[in-house]
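Q:
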Amino acid sequence: TVLSVVAKIKSSFTYDDSVKSVKFITPLRAIREYILTTQDLEALPRYYSRSPYSGETQTQVFLRSDVEQLAYKKHGGKDAFELRLKIIKDMERRARADIFNLKKALKHFKATMESNRNDPSLHVERQRSVFRTGPGRVVLFAIAVNSLNVAAKAIAWWYTGSKSIFSEVMHSIADTFNQAGLFQYYRLSNHQMYEYGPANLHTAGLLPVMVMPFVIPYYLAIYCFPFLFLCTKQILVAYGLHSSFQKPDEMHPYGYIPMRNVSSLISGVAIFFLGAGFTFYHGVRGLLEPHDVEPLHWALLVMLGSFVSEGSTLALAYREARLGAKRHNYDSVRQWLMAGVDPSTSVVLLEDLAAVLGVLVAGTAMGITTLTGSPFPDAVGAIGVSGILGAVAALIIRTNTEMLIGRSIPLEKQEAIMRLIDNMKVIRGTYDIKATMMGGEAMRFKAEVDIDGRELTKRYMETLPLDALLQEVKSIQTEQQLVHFMLKHGDNLVNTLGAEINQIEAKIKKEFPGMMHIDIEIN
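Residue 392 in UniProt numbering is what sits at position 392 of the sequence shown, and the numbering runs on without skipping anything.
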């Protein structure tokens, strides 16, 4: 195909007064930009334009010229209106308040302004109980198992003084409060508890409690474990509240989905410092200040029970991860984990894998200490467990950091989307593809396309009776009639283009349900 360059021709033709540009404005913008109320707009004629949202076909608009004239009349002229608008903008900037009573406007024009609520891709399933969801079951079961393990291991450490079993106590505590935070996140995100929003982040003032074990003797930290657990759990709860699925707003037009990864990132940091850091410190202290170890026989039984319980949690988490990988068309669980599709299940799976490995390392170290009577293998085991915790924490931090930065979706999905667009007849070419993960299963897509003008014209002509169009052409006698003919069908042709773009977006969302935002630009 040879692309021809169309030369620019400047016509000397003068348009008459009947050729005017038409500008539309939405009700919400009219209220905000022209200091009007819903009652003021009732007197204006209403028009309907093609809706940009997939949940509706038309959206209500007004002529901007009508709105301007109404505003000038209400406020005493153009100069008076501009002065009042300036004063209000200054007040808004200082107070950061909503001065236009947007809630009332949104309620009155809900058919237009609540279009996101009509979009199935933006819905949060409220009716499902968190106890019945896969991630919810995994997290809840992990909390129960780890809580029992904390109690059993703490008692065993109290009577034996083993460094390895102490490392396992810290391991289980770190797992428990992280999973408690994840469970709160899931519970609240399913029930949309907006009243606990960002205002409750004052609980983050408890952050200094996380560093308590590093600045006080370890035996005092053990007595503070219940308080430490409660405080750190509340910190994650606060972040979970903030990261619950809120609707997009003016400050966050793409929503709060990435906060899901923030919650998991906090979990990874907590594991690294509270689990790996404190355990490493305790193990090194055991090497530098060795002491006699009590008999570890029944402590080994505790570790055996812990191995069984942690293994059951790992099996449940792996099963959920395998189902998730299959559901999202990943070849392996490893690919699914690295993609960060479900951060909560990923965190539980990695924590339980580390727990099982940690129990094996700690149990082996305790067994060697029991056989030899030397405290050094026990201390080395504690350091080994800290290394496992550190590795898991690093993986969690890395995965969620990449998601927050904006990692590209898998190449296979990008190619599938490009093929879908290229198969549309009106599309001549697709360029500058950008597709990123927004957190969880949500994706964002942007592309520039070349439009086949001939094919687009065919689509438009399919909607017209050709005999009537031919008669309309034959009736053209003057230049003014020609202008009006071109303007009429040019406007309709643009509407046809918009409908084709909407159809492309609808097909992409149907093929890829996680696609939340699509931006297709004409190249």
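By construction, the Cβ of each residue, glycine as well, lies at the ideal position given by its N, Cα and C atoms.
Computed from a prediction, not measured in an experiment: that's the story for all the values here.
Throw me the rounded Cβ distance for the GLY381 and ALA362 pair, which I believe falls under 8 Å.
A: Locating residue 381 in the sequence shown gives position 381, counting from the first residue. Locating residue 362 in the sequence shown gives position 362, counting from the first residue. About 5 Å; that satisfies the 8 Å criterion.
Q: Please report how far the alpha carbon of PRO465 lies from the alpha carbon of LEU487, in whole angstroms.
A: Your numbering for residue 465 matches position 465 in the sequence shown. Your numbering for residue 487 matches position 487 in the sequence shown. C-alpha separation (whole angstroms): 18 Å.
Q: By DSSP, does GLU448 sit in helix, in strand, or in coil?
A: Counted from its first residue, the sequence shown places residue 448 at position 448. Three-state DSSP puts GLU448 in a strand.
Q: Using 8 Å for Cβ pairs, my map puts MET403 next to GLY439. What's the rounded Cβ distance?
A: As a first step, residue 403 must be located in the sequence shown, where it is residue number 403. As a first step, residue 439 must be located in the sequence shown, where it is residue number 439. With a Cβ gap of about 6 Å, MET403 and GLY439 count as contacting.
Q: Can you tell me the Cα-Cα spacing of ASN85 and THR37, whole angstroms?
A: The residue given as residue 85 occupies position 85 in the sequence shown. The residue given as residue 37 occupies position 37 in the sequence shown. Reading off the sequence shown, one finds Leu at residue 85, where the question assumed Asn. For LEU85 and THR37, the distance between alpha carbons rounds to 14 Å.
Q: Is DSSP giving ILE427 helix, strand or coil here?
A: Walking along the sequence shown from the start, residue 427 turns up at place 427. The answer is strand: DSSP assigns ILE427 an E or B state.
Q: Check this for me: beta carbons of LEU357 and SER346, under 7 Å apart or not?
A: Numbered from 1 along the sequence shown, position 357 holds the residue referred to as residue 357. Numbered from 1 along the sequence shown, position 346 holds the residue referred to as residue 346. No, the Cβ-Cβ distance between LEU357 and SER346 is not below 7 Å.
Q: Does the beta-carbon distance from MET515 to PHE445 come in below 7 Å?
A: Counting from one through the sequence shown, the residue named residue 515 turns up at place 515. Counting from one through the sequence shown, the residue named residue 445 turns up at place 445. In this structure, PHE445 lies closer than 7 Å to MET515 by Cβ.
Q: Between which two residues does the beta strand (DSSP E) carrying PHE62 extend?
A: As a first step, residue 62 is located in the sequence shown; it is residue number 62 there, counting from the start. Note, PHE62: beta strand (DSSP E), 58 to 63.
Q: Where does the unbroken alpha helix (DSSP H) through GLU505 begin, and where does it stop?
A: By 1-based counting over the sequence shown, the position of residue 505 is 505. Segment 479 to 511, the alpha helix (DSSP H) holding GLU505.
Q: Given this structure, state the Cα-to-Cα distance separating ILE522 from ILE35, to the nearest angstrom.
A: The residue labelled residue 522 in the question sits at position 522 within the sequence shown. The residue labelled residue 35 in the question sits at position 35 within the sequence shown. Answer to the nearest angstrom: the Cα atoms are 34 Å apart.
Q: Terminal residues of the continuous beta strand (DSSP E) containing MET515?
A: On the sequence shown, position 515 is the one that residue 515 refers to. Here the beta strand (DSSP E) through MET515 covers 515 to 522.
Q: Which first and last residues belong to the alpha helix (DSSP H) in which THR279 is found?
A: Your numbering for residue 279 matches position 279 in the sequence shown. Unbroken alpha helix (DSSP H) run through THR279: 278 to 288.
Q: Would you call the stretch 389 to 397 and the stretch 253 to 272 in contact, with 3 or more CB pairs under 8 Å?
A: The stretch 389 to 397 vs the stretch 253 to 272: in contact.
Q: Residues in the same chain with beta-carbon distance under 7 Å from ALA276, minus the five sequence neighbours each way, listed in chain order, please.
A: By 1-based counting over the sequence shown, the position of residue 276 is 276. Answer for ALA276: SER386, LEU389, GLY390 and ALA393, listed in chain order.
Q: Exposed or buried, what is LEU350 when buried is set at 16 or more other beta-carbons lying within 10 Å of its beta-carbon?
A: Position 350 of the sequence shown holds residue 350. Counting Cβ neighbours within 10 Å, LEU350 comes out buried, since at least 16 surround it.
Q: For ALA442, does the three-state DSSP call read helix, strand or coil?
A: In the sequence shown, counting from the first residue as 1, residue 442 sits at position 442. It is a strand residue.
Q: Does the Cβ of LYS326 have 16 or more other Cβ atoms within 10 Å, making it buried, or fewer, making it exposed?
A: As a first step, residue 326 must be located in the sequence shown, where it is residue number 326. Answer is exposed; the Cβ neighbour count stays below 16.
Q: DSSP state of MET366, grouped into three classes?
A: Position 366 of the sequence shown, counting from 1, holds the residue named residue 366. Note: MET366 maps to helix in three-state DSSP.
Q: Given this structure, state the Cα-to-Cα distance separating THR478 from GLN503, to the nearest angstrom.
A: Within the sequence shown, numbered from 1, the residue matching residue 478 stands at position 478. Within the sequence shown, numbered from 1, the residue matching residue 503 stands at position 503. So the two alpha carbons sit approximately 38 Å from each other.
Q: What residue range does the alpha helix (DSSP H) around ALA382 cover?
A: Within the sequence shown, numbered from 1, the residue matching residue 382 stands at position 382. It spans 376 to 405 - the alpha helix (DSSP H) in which ALA382 sits, taken as one unbroken run.
Q: State yes or no: is the C-beta of residue 528 within less than 7 Å of the C-beta of ALA379?
A: Examination of residue 528 is not possible in this model, given that the chain is present from 1 through 523 alone.
Q: Can you grab the Cα-Cα spacing for the pair ILE25 / ASP352, in whole Å?
A: Residue 25 sits at position 25 when you count from the first residue of the sequence shown. Residue 352 sits at position 352 when you count from the first residue of the sequence shown. Computed Cα separation, rounded: 55 Å.
Q: Determine, using beta carbons only, whether ALA317 and VAL333 come nearer to each other than 7 Å.
A: Reading the sequence shown from its first residue, position 317 is the one you call residue 317. Reading the sequence shown from its first residue, position 333 is the one you call residue 333. It is not a contact, given that the beta carbons lie outside the stated cut-off.
Q: Please name the residue, chosen from LYS425, MET418 and VAL262, that lies closest to residue 524 on a Cα-to-Cα basis.
A: Past the boundaries of the shown model lies residue 524; the chain is included only from 1 to 523, so the question cannot be answered.
Q: Within a Cβ cutoff of 7 Å, which residues of the same chain sit near SER408, ignoring the five residues on either side of it in sequence?
A: Residue numbering aside, residue 408 sits at position 408 when the sequence shown is read from its first letter. These residues qualify, in order along the chain: ALA435 and THR436.
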